[in-house]
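Note that the protein sequences, when read in sequence, are chains A and B. Residues 348 to 441 (this note's numbering) make up the first sequence, in order. Residues 818 to 1112 (this note's numbering) make up the second sequence, in order. Since the structure comes first, as structure tokens, the remarks are kept for the end.
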Amino acid sequence: MERVARIVILSDSGGSPVGGAVVTVARATISVPELAYVTGDDGRVRIGLPPGPALLSVALPSGEVRTIEVAVGDEAEGVLSMTIEAGPAASGPR
Amino acid sequence: MSKALESVSFTPVAPADSRETAALMATEGAAGKAEASSSVTAEEFLVHGKRSDPLPKTAVRVGPESIIGKDDRILIADSHKYPWRRIAGLILYPSPPMSGTYIGTGWFIGPKTLLTAGHCVYSKTDFGGQVGSVEVSPGRFGSKFPHGTVKAARFSTLKVWKETGNPDYDIGCIHLDEPLGEQVGWFKIASLPDADLANRLVNISGYPADKGGTKQYFHANRVRNIAPRRISYDIDTYGGQSGSPIWVQDAPGDEPVAIGVHAYGVGSNDPFNSGPRLLPEVILTIQEWLKADGG
């Protein structure tokens, strides 16, 4: 199974981009490269993920760590927009 | 007789004059000219030889990714010393207009040459192709850069990795303009046959992102599975450790010998972490990369 490309876009509840967040793949349907992904000032970073369910770990610049479940389609490229809410939960991709 | 695998380079690198097909399946290591004293932690932490049972676990599990059972990773507080200083934290920059950066690990195999995972220098899904540039910081410890930081813009990888993305060939090379390896030293690499790998205790050290990605962490345990081109092990790793060396030492004080490149974490299809082996034909290609750097 090949990985597909997803642009992860992190923003806060006010819609501002969250830069400097470290994203890692905590669980996926196949073994994935052990890279860590750091969002740019625009809150974006491109990540290769296998199609299917995946669990992303997001370490925020504040030190908080969130985990976010995502469902990855089999399109070659796509976008995963995520909003980091205050508190323990984060909304999934929309 | 082995034949070198074809490689691809992303900026001009002079081809080797001739391809060695002799049975030389190893390259030499070097201690480096920097402070001669060895790490005291190395004497305590490194594992040697073989073992039929896994090493006992001691610590508390911290997360799901690639931490097999409990988390036994150890912070290397003297990463500026031998042998840890041969291992470098990497910050990978994609080519514009892509934003974001990536954390990986690399290690010296020559004065101007580092080995890493292929996906640290070429990944269609992660970078849209070749990486733009890479910052190399050997022995980094947080905000301390004991051996400096250099930026690289020339890379090589195996042609099979570039064209197919086959994890068995996920090996890449970083070419430096500066001979930083003369200061920090470099690993000997060698190809070990299956019989020598069985139950081998192996060492892995790199820069995991859940610990900040700026300090070196180490763990060791035995080889669990041996595939024709890949080995698996129950060693705790995390995102950011892609490209870390997998190395063996027969006995305390012996020279570290790298035998693989850590590249993949646990997945639903594999309960162990894994990386491609340094097989004879791969080492022949690596020798070409070293020659291209004058090594």
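Note that CB positions come from ideal geometry on N, CA and C, so glycine has one too. Note that this is a predicted model, so its numbers are computed, not measured.
Does the CB of residue i have a neighbour CB from chain B at under 8 Å?
i	result
I356 (chain A)	no
G387 (chain A)	yes
A418 (chain A)	no
P395 (chain A)	The sequence shown places Gly at residue 395 (chain A), rather than the Pro named in the question. So, interface residue.
E381 (chain A)	yes
E349 (chain A)	yes
R391 (chain A)	yes
S363 (chain A)	no
V372 (chain A)	yes
T376 (chain A)	yes
V369 (chain A)	yes
G410 (chain A)	no
Taking the straight line between their C-alpha atoms, what separation do you get for residue i and residue j?
i	j	result
R1039 (chain B)	A375 (chain A)	24 Å
I1063 (chain B)	P1093 (chain B)	10 Å
E995 (chain B)	G1002 (chain B)	13 Å
A876 (chain B)	F1035 (chain B)	For A876 (chain B), the predicted model reports a pLDDT of 46, less than 50, meaning its position is unreliable; a value from the coordinates is still stated below. For A876 (chain B) and F1035 (chain B), the distance between alpha carbons rounds to 13 Å.
D943 (chain B)	M348 (chain A)	16 Å
D987 (chain B)	V1078 (chain B)	8 Å
T981 (chain B)	T974 (chain B)	12 Å
R393 (chain A)	Q1104 (chain B)	33 Å
F925 (chain B)	G849 (chain B)	10 Å
L841 (chain B)	S855 (chain B)	Note that L841 (chain B) has pLDDT 47, beneath the 50 cutoff, so the model's placement of it is unreliable and the number below is only indicative. The straight-line gap from Cα to Cα measures roughly 29 Å.
K867 (chain B)	D421 (chain A)	43 Å
I991 (chain B)	K820 (chain B)	22 Å
L396 (chain A)	A352 (chain A)	6 Å
K1032 (chain B)	I908 (chain B)	13 Å
F958 (chain B)	D1011 (chain B)	35 Å
S360 (chain A)	V426 (chain A)	18 Å
W901 (chain B)	D388 (chain A)	32 Å
Y910 (chain B)	L997 (chain B)	20 Å
P881 (chain B)	G1111 (chain B)	Per-residue confidence for P881 (chain B) stands at a pLDDT of 40, beneath the threshold of 50, marking its modelled position as unreliable; no derived number is given.
G1084 (chain B)	A1026 (chain B)	18 Å
L932 (chain B)	G989 (chain B)	6 Å
G945 (chain B)	R391 (chain A)	14 Å
S912 (chain B)	I1076 (chain B)	31 Å
T922 (chain B)	G362 (chain A)	33 Å
I431 (chain A)	A373 (chain A)	18 Å
S1059 (chain B)	V417 (chain A)	23 Å
P380 (chain A)	E1072 (chain B)	28 Å
S835 (chain B)	Q947 (chain B)	For S835 (chain B), the pLDDT reaches just 34, beneath the cut-off of 50, and the residue's location in the model is therefore unreliable, although a value from the coordinates is still provided. Roughly 27 Å between the two C-alpha positions.
Helix, strand or coil: how does DSSP classify residue i here?
i	result
E999 (chain B)	helix
K929 (chain B)	coil
T942 (chain B)	helix
Q947 (chain B)	strand
T1054 (chain B)	coil
E424 (chain A)	strand
K820 (chain B)	coil
I1100 (chain B)	helix
V864 (chain B)	coil
E952 (chain B)	strand
V825 (chain B)	strand
A1075 (chain B)	strand
L872 (chain B)	coil
Per DSSP, what are the beta-bridge partners of residue i in this structure?
i	result
F958 (chain B)	B:K961, B:K1032
R289 (chain A)	Any answer about residue 289 (chain A) is impossible in this case: the structure gives chain A only from 348 up to 441.
I991 (chain B)	B:L931, B:F972
T844 (chain B)	B:I1006
T430 (chain A)	A:S358
R1039 (chain B)	B:L1018
R1046 (chain B)	R1046 (chain B) pairs with nothing; no bridge assigned.
G1023 (chain B)	B:Y1034
D1087 (chain B)	B:G1084
Distance cutoff 8 Å, beta carbons only. Does residue i sit that close to anything in chain A?
i	result
D1201 (chain B)	There is simply no residue 1201 (chain B) to check, as chain B begins at 818 and stops at 1112 in what is shown.
Y986 (chain B)	no
Q1058 (chain B)	yes
S940 (chain B)	yes
Y919 (chain B)	yes
S950 (chain B)	no
D943 (chain B)	yes
G1111 (chain B)	no
T933 (chain B)	no
Y1055 (chain B)	yes
S912 (chain B)	no
S896 (chain B)	no
S916 (chain B)	yes
H964 (chain B)	no
L1101 (chain B)	no
H936 (chain B)	yes
Should residue i be flagged as near chain C, meaning a C-beta pair shorter than 8 Å?
i	result
A401 (chain A)	The structure shown contains no chain C; its protein chains are A and B.
- Task: Would you list, in chain order, the members of the stretch 1023–1050 of chain B that have their beta-carbon closer than 9 Å to a beta-carbon of chain A?
- Result: In summary, the residues of the stretch 1023–1050 of chain B whose CB is separated from some CB of chain A by less than 9 Å are G1023, Y1024, P1025, A1026, D1027, G1029, G1030, in the order they occur in the chain.
- Query: Mind listing which residues of the stretch 1066–1098 of chain B have their C-beta closer than 8 Å to chain A's C-betas, in chain order?
  - Reply: H1079, A1080, Y1081, G1082, V1083, G1084, S1085, N1086, D1087, N1090, S1091
- Name, going along the chain, the residues of the stretch 971–985 of chain B whose beta-carbon falls closer than 7 Å to a beta-carbon of chain A. G982
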